[in-house]
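Beneath this line is the structure, given in structure tokens, with notes to follow.
2 protein chains.
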Amino acid sequence: MPTDAVEDYLKAIYRIESRAGPPVSTSQIAEALEKTPATVTSMVETLSERGLLSREKYTGVELTPAGEVAALEVVRRHRLIEAFLADQLDYEPTEVHDEADALEHHVSEEFTRRVERVLDYPAADPHGDPIPPADLSTPEDAGTALVAALDPGERGTVVRVSDRDPDVLEFLVDAGITPGRTVEVVDVTSFGLVTVRTSDGSEHGLPEAVADRVSVRRAAESTAATDGQEAGDA
Amino acid sequence: MPTDAVEDYLKAIYRIESRAGPPVSTSQIAEALEKTPATVTSMVETLSERGLLSREKYTGVELTPAGEVAALEVVRRHRLIEAFLADQLDYEPTEVHDEADALEHHVSEEFTRRVERVLDYPAADPHGDPIPPADLSTPEDAGTALVAALDPGERGTVVRVSDRDPDVLEFLVDAGITPGRTVEVVDVTSFGLVTVRTSDGSEHGLPEAVADRVSVRRAAESTAATDGQEAGDA
DNA sequence: TACTTGTTTTTGACCGGTCTAAATTAATAG
DNA sequence: CTATTAATTTAGACCGGTCAAAAACAAGTA
């Protein structure tokens with residue numbers, strides 16, 4: 007049985023892989039998990055001995071199929087718990103993440119199935135991230151980072167918003183940048199300021215680090231800004 | 007922050023204390039937790055250094071006020087989670103224990119309060135054990151072990167039933183020995199067989215070890231066997 | 001090519017929790 | 001009062017996860 011730490015590493019590597027692709031470097035993992043590089047090296051070593059990662063020294067790691075399955079199980083539990091907390095216990099979407107992080111390692115398969123059932127098999131968590139079904143089939147459409155997906159003047163639909171930093175999340179929610187909403191990139195400066203216009207016409211300046219946490223799907227050419235609910239509302 | 011292990015020890019000691027009273031011996035703890043006596047000695051050592059236990063070597067330990075508070079917090083979380091699982095996720099009372107054991111160490115105070123709220127401040131978990139309120143006030147009426155409380159011919163109301171061993175629990179449920187029901191002790195043999203009559207008139211032979219897991223409140227003198235729901239139904 | 005810089009790995013240490021085996025203590029029977 | 005027995009504690013070890021410091025490496029630059 008994987009320990010909490012093992013699951014945390016797997017989840018982090020999965021996340022990084024699905025944004026930036028393999029290989030995933032020691033320092034990326036270290037930063038995501040707030041561990042020292044030395045620690046990560048040693049953990050990554052044991053993970054690859056267990057067949058969860060393939061590793062090339064000084065280069066980085068990549069999840070093996072077995073590792074990806076294990077990671078997806080954690081992701082599934084995490085998101086299901088988030089949806090559950092929001093739905094059954096009236097948590098705000100912004101409060102849900104930390105609780106889920108703690109619980110995700112300790113709920114049984116039975117629990118997971120029951121939660122899924124009372125929630126009637128939700129497709130996404132409160133941040134718009136898709137919930138893998140029990141067979142872990144869908145490889146999930148994570149969208150693309152805002153700046154990469156959209157040139158200035160283009161519009162897109164917000165697919166998800168990172169829930170890592172509660173302050174960032176709250177800021178984005180306040181700005182109306184939430185799953186399902188449409189945003190237009192107005193301008194991208196060389197010094198890392200991204201200006202976006204939301205569907206109500208207001209403009210917001212986002213530091214690059216924040217913009218990177220917003221994933222979008224590019225809208226078809228010159229579509230008028232609609233405010234559809236497409237993802238989200240689990 | 008107490009670790010999972012620390013909370014487990016505290017909970018076990020609390021349990022033993024409230025049935026058999028202090029001092030609680032190394033071997034009692036070892037048995038309850040399925041650890042070796044050596045392990046228990048070392049843990050008990052660090053717990054008493056932290057002021058959670060008072061300890062006298064070769065004699066046993068007793069919870070300090072601080073230790074009791076910590077133990078009660080765990081007990082509260084455990085029982086609330088049990089009630090929640092049964093109520094919101096349709097778990098059977100017999101299935102609830104293990105899941106709660108895993109979760110009790112990882113739910114936040116916030117979570118606990120919310121659960122309590124949606125359940126409308128339940129008084130007892132599905133086994134009839136009282137749920138300490140947030141201020142941890144009520145010292146809980148645990149009832150008395152069946153054989154100690156009742157001489158042959160006497161009746162009492164089942165207050166609670168240990169949920170430690172699922173098989174035992176299931177047996178008791180099948181026999182109709184559940185919180186709120188009335189039982190009469192028919193006979194106690196010298197070789198550890200306890201015969202009880204339940205409210206429907208049927209008799210059941212219980213090994214002493216099983217009978218010890220049933221706590222009762224003695225009925226007033228020669229009261230007719232009623233089948234009241236008094237505790238339980240969280 | 002050789003140096004410098006930043007990243008990664010190695011080394012050696014530590015802590016919490018656990019165990020086995022050996023030593024100690026308490027309780028009891030003779 | 002002593003010897004036996006059962007429980008407890010000590011001693012020493014190990015594992016998982018972590019870190020700081022030092023060594024090794026990769027990649028770019030002079």
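In order, the protein sequence lines correspond to chains A and B.
Every number in the numbering used here is 6 more than the matching position in the first sequence, counting from 1.
Every number in the numbering used here is 6 more than the matching position in the second sequence, counting from 1.
Glycine included, each C-beta is placed from N, C-alpha and C at the ideal position.
No experiment lies behind these values; they were computed from the predicted model shown.
Going by beta carbons, valine 124 of chain A and leucine 86 of chain A fall outside the 7 Å limit.
Put simply, the CB of leucine 109 of chain B is near chain A, with a gap under 7 Å to one of its CB atoms. In terms of Cβ geometry, glutamate 105 of chain B and leucine 91 of chain B form a close pair [threshold 7 Å]. The beta-carbon separation of serine 60 of chain B and valine 50 of chain B, rounded to 11 Å, does not stay under the 8 Å limit for a contact. A direct Cα-Cα distance of roughly 12 Å separates alanine 129 of chain B from glutamate 88 of chain B. Just so you know, the alpha carbons of aspartate 126 of chain B and leucine 175 of chain B end up roughly 26 Å apart. By the CB criterion at 7 Å, leucine 152 of chain B and valine 80 of chain B fall outside the cutoff. Runs of alpha helix (DSSP H) with 4 or more residues, each lying fully within the region 134-189 of chain B, are found at 152-155 and 172-181, listed in chain order.
The C-alpha of valine 164 of chain A is placed about 15 Å away from the C-alpha of valine 192 of chain A. Bridge partners of histidine 103 of chain A according to DSSP: none are assigned. A straight-line Cα-Cα distance of about 29 Å links threonine 70 of chain A and valine 102 of chain A. Listed in chain order, the non-local C-beta contacts of isoleucine 22 of chain A below 6 Å within the same chain comprise Val30 and Gln34, local neighbours out to five positions each way being set aside. Residues of chain B with a Cβ closer than 8 Å to the Cβ of leucine 95 of chain A are, in chain order, Phe117, Arg120, Val121 and Val124. Around the beta carbon of glutamate 190 of chain B, 16 or more other beta carbons lie within 10 angstroms, which makes this residue buried.
Taking a C-beta cut-off of 9 Å against chain A, none of the residues of the region 9-28 of chain B qualify. In the displayed model, alanine 130 of chain B falls within a strand according to three-state DSSP. Residue nearest to glycine 162 of chain B within the set B:Gly57, B:Met7, B:Arg203 and B:Asp14 is B:Arg203 (criterion: CA-CA distance). Counting only unbroken stretches of 4 or more residues, the alpha helix (DSSP H) elements lying wholly within the region 33-77 of chain A are 43-55, in sequence order. Residues of chain A whose Cβ lies closer than 9 Å to the Cβ of serine 114 of chain B are, in chain order, Asp104, Glu105 and Ala108. Counting along the chain, the unbroken beta strand (DSSP E) around leucine 199 of chain B starts and ends at 199-204.
Contact between arginine 224 of chain A and glutamate 160 of chain A holds, since their C-beta atoms are separated by about 6 Å, short of 8 Å.
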